[in-house]
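In terms of the working numbering, the sequence shown opens at residue 23 and continues consecutively.
Glycine included, every Cβ here is placed at the ideal spot set by N, Cα and C.
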Amino acid sequence: MLKIYYSNVVSEAFFKENYENILKQKVLHTTRIKKINKIKNSSERCRSLSVGLLASFAFRQEKIDVSEIEIVFGKNNKPVIENENIFYNVSHTNGVCIVAISDEPVGIDIETIRERWLKNPKKLEHLAKKILTEKEYDVYFNIEDLQKKAEFFTCIWTKKESFVKENGKGITCELSQIPVIDNKNIFSSKIKLSDDDNFSSKIKLSDDDNFSQKEKFAGYFYSCCSKQIEGSSIIETQEVDLNNFWRKY
Numbered sequence: 023m024l025k026i027y028y029s030n031v032v033s034e035a036f037f038k039e040n041y042e043n044i045l046k047q048k049v050l051h052t053t054r055i056k057k058i059n060k061i062k063n064s065s066e067r068c069r070s071l072s073v074g075l076l077a078s079f080a081f082r083q084e085k086i087d088v089s090e091i092e093i094v095f096g097k098n099n100k101p102v103i104e105n106e107n108i109f110y111n112v113s114h115t116n117g118v119c120i121v122a123i124s125d126e127p128v129g130i131d132i133e134t135i136r137e138r139w140l141k142n143p144k145k146l147e148h149l150a151k152k153i154l155t156e157k158e159y160d161v162y163f164n165i166e167d168l169q170k171k172a173e174f175f176t177c178i179w180t181k182k183e184s185f186v187k188e189n190g191k192g193i194t195c196e197l198s199q200i201p202v203i204d205n206k207n208i209f210s211s212k213i214k215l216s217d218d219d220n221f222s223s224k225i226k227l228s229d230d231d232n233f234s235q236k237e238k239f240a241g242y243f244y245s246c247c248s249k250q251i252e253g254s255s256i257i258e259t260q261e262v263d264l265n266n267f268w269r270k271y
């Protein structure tokens, strides 16, 4: 079982109007509440609330009540549900959040193409040299179109982040030492990479992920890493309306 849920991050107005009622409804896990309450930045609070609500939605789909589970933080601060055969991971970026839930260890990451990369390609080049393996950089280097370069880089970046989040190594890993182009345990939205080196620079849009078809998520890329992915084409994805879900919790 592998399910992916995604949503827009709630607004600051939503936070101010509904946070106290959300606490009364006991929709959030106590660990998430403590984390939110420590955050001073209002935008970051909204992102934290959003991934918390989205995780609660994912748990509810598996008939898991957040008030009845113990979330502990394992190696490299990775959240783990204690005494449950269920695993989850969260990510957010620039107005969108995403959660993966599975009965196997799982990692997920979402990123968006940065406008500054397109305005100043040297910044993208600097990151590419820092994050990509030699083979990945060769593919990147041979892409002529700047937009396509940014898409390729963002896809590879999310693949690497999802990989280290799945295995719990976190920031202790040197991303440039992790090859991911041929890793069949990682699913990426929007982009398919050819196995043929001669054509690997040709980026293709995925036709089997409903996230990829939604215009409002243009420019966003996510990757999910799990041993369940290899050999399986069945990955459930669903958009969630966080503005209303919690009222029915």
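Could you tell me the boundaries of the alpha helix (DSSP H) in which LEU71 lies?
Looking up residue 71 in the sequence shown gives position 49. Residues 64 to 83.
Quick one: measure Cβ to Cβ for ILE26 and GLU196, integer angstroms, because I've assumed they're closer than 8 Å.
Position 4 of the sequence shown, counted from the first residue, corresponds to residue 26. Position 174 of the sequence shown, counted from the first residue, corresponds to residue 196. That pair is no contact at about 27 Å.
Kindly list the residues whose CB is nearer than 7 Å to the CB of LEU264, restricted to its own chain and excluding five residues on each side of it in sequence; keep chain order.
The residue labelled residue 264 in the question sits at position 242 within the sequence shown. SER29, VAL32, SER72, LEU75, LEU76, listed in sequence order.
When you compare the CB positions of PHE110 and VAL94, do they come within less than 9 Å of one another, or not?
Sequence index remark: in the sequence shown, residue 110 carries index 88 (1-based). Sequence index remark: in the sequence shown, residue 94 carries index 72 (1-based). Note on identity: in this sequence residue 110 is Tyr, with Phe being the wrong assignment. It is not a contact, given that the beta carbons lie outside the stated cut-off.
Going by DSSP in three states, LEU168 sits in which element: helix, strand or coil?
Taking the first residue of the sequence shown as 1, we reach residue 168 at position 146. LEU168: helix per DSSP, three-state reduction.
Which word fits LYS181, buried or exposed, when buried means at least 16 other C-beta atoms lie within 10 angstroms of its C-beta?
In the sequence shown, the residue the question calls residue 181 occupies position 159. Buried, because 16 or more other Cβ atoms sit within 10 Å of the Cβ of LYS181.
For ASP131, write down the residues that DSSP places opposite it in a beta bridge.
To locate residue 131, count along the sequence shown from 1; it is residue 109. SER245, per the DSSP bridge assignment.
Looking at the structure shown, is TYR28 part of a helix, part of a strand, or coil, going by DSSP?
Start at 1 with the first residue of the sequence shown, and residue 28 comes out as number 6. It is a strand residue.
For PHE209, report the span of its beta strand (DSSP E) as first-last.
The count along the sequence shown starts at 1 and reaches residue 209 at position 187. Start and end: 208 to 210.
Quick check: what's the CA-CA separation for LYS157 versus PHE174?
As a first step, residue 157 must be located in the sequence shown, where it is residue number 135. As a first step, residue 174 must be located in the sequence shown, where it is residue number 152. LYS157 and PHE174: Cα-Cα distance of roughly 13 Å.
Can you tell me the Cβ-Cβ gap for LEU45 and ILE55, rounded? I've got them flagged as a contact below 8 Å.
Residue mapping note: residue 45 aligns to position 23 of the sequence shown, counting from 1. Residue mapping note: residue 55 aligns to position 33 of the sequence shown, counting from 1. 7 Å between Cβ atoms; contact.
Check for me: the beta strand (DSSP E) holding ILE120 runs from which residue to which?
If you number the sequence shown from 1, residue 120 lands on position 98. Counting along the chain, the beta strand (DSSP E) containing ILE120 begins and ends at 118 to 124.
How would you call VAL262, buried or exposed, if buried means at least 16 neighbouring beta carbons within 10 angstroms?
The residue given as residue 262 occupies position 240 in the sequence shown. Per the 10 Å Cβ criterion, buried.
When you compare only the Cα positions, how much space is there between ASP204 and LYS171?
Looking up residue 204 in the sequence shown gives position 182. Looking up residue 171 in the sequence shown gives position 149. Spanning the two alpha carbons is a distance of roughly 18 Å.
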